[in-house]
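When the letters of the sequence shown are read in order and numbered with the working numbering, they come out as residues 38 to 193.
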Amino acid sequence: MHCPFCRNPDSRVVDSRTSDDGLSIRRRRQCTECGRRFTTTETASLSVVKRNGVLVPFSRDKVVEGVRKAARGRPVSDADLAQVAQAVEETIRATGASQIDANDIGLAVLPPLRDLDEVAYLRFASVYQAFESLDDFETAIAGLREDRREQQERTE
Ligand SMILES: [Zn+2]
Numbered sequence: 038m039h040c041p042f043c044r045n046p047d048s049r050v051v052d053s054r055t056s057d058d059g060l061s062i063r064r065r066r067q068c069t070e071c072g073r074r075f076t077t078t079e080t081a082s083l084s085v086v087k088r089n090g091v092l093v094p095f096s097r098d099k100v101v102e103g104v105r106k107a108a109r110g111r112p113v114s115d116a117d118l119a120q121v122a123q124a125v126e127e128t129i130r131a132t133g134a135s136q137i138d139a140n141d142i143g144l145a146v147l148p149p150l151r152d153l154d155e156v157a158y159l160r161f162a163s164v165y166q167a168f169e170s171l172d173d174f175e176t177a178i179a180g181l182r183e184d185r186r187e188q189q190e191r192t193e
């Protein structure tokens, strides 16, 4: 990282801070030549491998868009969508992988969406997992019922 003022390639880190979401690190640096200070932000890169093999940068906005479609007409706010997208990114980053299949993003969406809204979850799962019949819906709904029962038993 060159100093933005004098282009000197050396700087020392005077302060490091992890962003609130834990996904990037801001470093306050001081140039060893001119002594001026500047800030750099480092984010580990995360790429998505699309079905056709093309690599694109991971985008929370795209996750939000996909979930928004499934949540249309449901009591789901923009903040809820942003939270799902953040959970997805954290899940993926926690694996330590720098590349993931587009498919794995869909998988990572399911658990937080299931907690958020069951109807949106069923819609998303039906597209993502390519439900072909009522049986597929029945299986998914049975899974939700099962979970609900377990939650009730836990709270009783
Ligand atoms: Zn400098």
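Virtual Cβ for every residue (Gly too), placed ideally from N, Cα, C. Bear in mind that the values here come from a model prediction, so they are computed numbers and not experimental data.
Under 7 Å: does the beta carbon of Arg-74 sit that close to some heavy atom of ligand 1?
Sequence index remark: in the sequence shown, residue 74 carries index 37 (1-based). Incorrect: Arg-74 has no Cβ contact closer than 7 Å to ligand 1.
Straight-line CA distance for Gln-166 to His-39?
The sequence position of residue 166 within the sequence shown is 129, counting from 1. The sequence position of residue 39 within the sequence shown is 2, counting from 1. C-alpha separation (whole angstroms): 47 Å.
Quick check on Asp-123: does DSSP put it in helix, strand or coil?
Here residue 123 is taken as the residue at index 86 of the sequence shown, counted from 1. Sequence inspection shows Gln at residue 123; the Asp mentioned does not correspond to that position. Three-state result, Gln-123: helix.
Cα-Cα, which of Glu-126, Arg-191, Asp-98 is closest to Asp-115?
What you label residue 115 is simply residue 78 of the sequence shown in a count that begins at 1. Comparing Cα-Cα distances from Asp-115 to each of Glu-126, Arg-191, Asp-98, the minimum goes to Asp-98.
Would the stretch 71-78 count as touching the stretch 117-136 if we require 3 or more Cβ pairs under 8 Å?
no
Tell me the rounded alpha-carbon separation between Pro-46 and Lys-87.
Here residue 46 corresponds to residue number 9 of the sequence shown, with the count starting at 1. Here residue 87 corresponds to residue number 50 of the sequence shown, with the count starting at 1. One C-alpha to the other measures close to 37 Å.
6 Å Cβ shell around Val-100 - same chain, five flanking residues per side excluded:
Within the sequence shown, numbered from 1, the residue matching residue 100 stands at position 63. Only Ala-122, Val-125 meet the Cβ criterion.
Might you give, ordered along the chain, the residues of its own chain that have their beta carbon closer than 7 Å to the beta carbon of Thr-55, omitting 5 neighbours on each side?
Mapped onto the sequence shown, residue 55 falls at position 18. Excluding sequence neighbours, Thr-55 sits near Ile-62.
Just checking my contact of Val-91 with Ile-137 at CB under 8 Å: how many whole Å lie between their CB atoms?
By 1-based counting over the sequence shown, the position of residue 91 is 54. By 1-based counting over the sequence shown, the position of residue 137 is 100. 14 Å between Cβ atoms; not a contact.
Run through the DSSP bridge pairs and tell me what Asp-52 is partnered with.
Numbered from its first residue, the sequence shown carries residue 52 at position 15. Bridge partners of Asp-52: Arg-65.
Among all residues, which have a Cβ less than 5 Å from at least one non-hydrogen atom of ligand 1, and in what chain order do they fall?
Cys-40, Phe-42, Cys-43, Asn-45, Cys-68, Glu-70, Cys-71
Within 10 Å of its beta-carbon, does Arg-182 have 16 or more other beta-carbons around it, so buried, or fewer, so exposed?
Taking the first residue of the sequence shown as 1, we reach residue 182 at position 145. Under this definition Arg-182 is an exposed residue.
What does the alpha-carbon distance come out to for the pair Gly-103 and Leu-118?
Along the sequence shown, one-based indexing puts residue 103 at 66. Along the sequence shown, one-based indexing puts residue 118 at 81. For Gly-103 and Leu-118, the distance between alpha carbons rounds to 10 Å.
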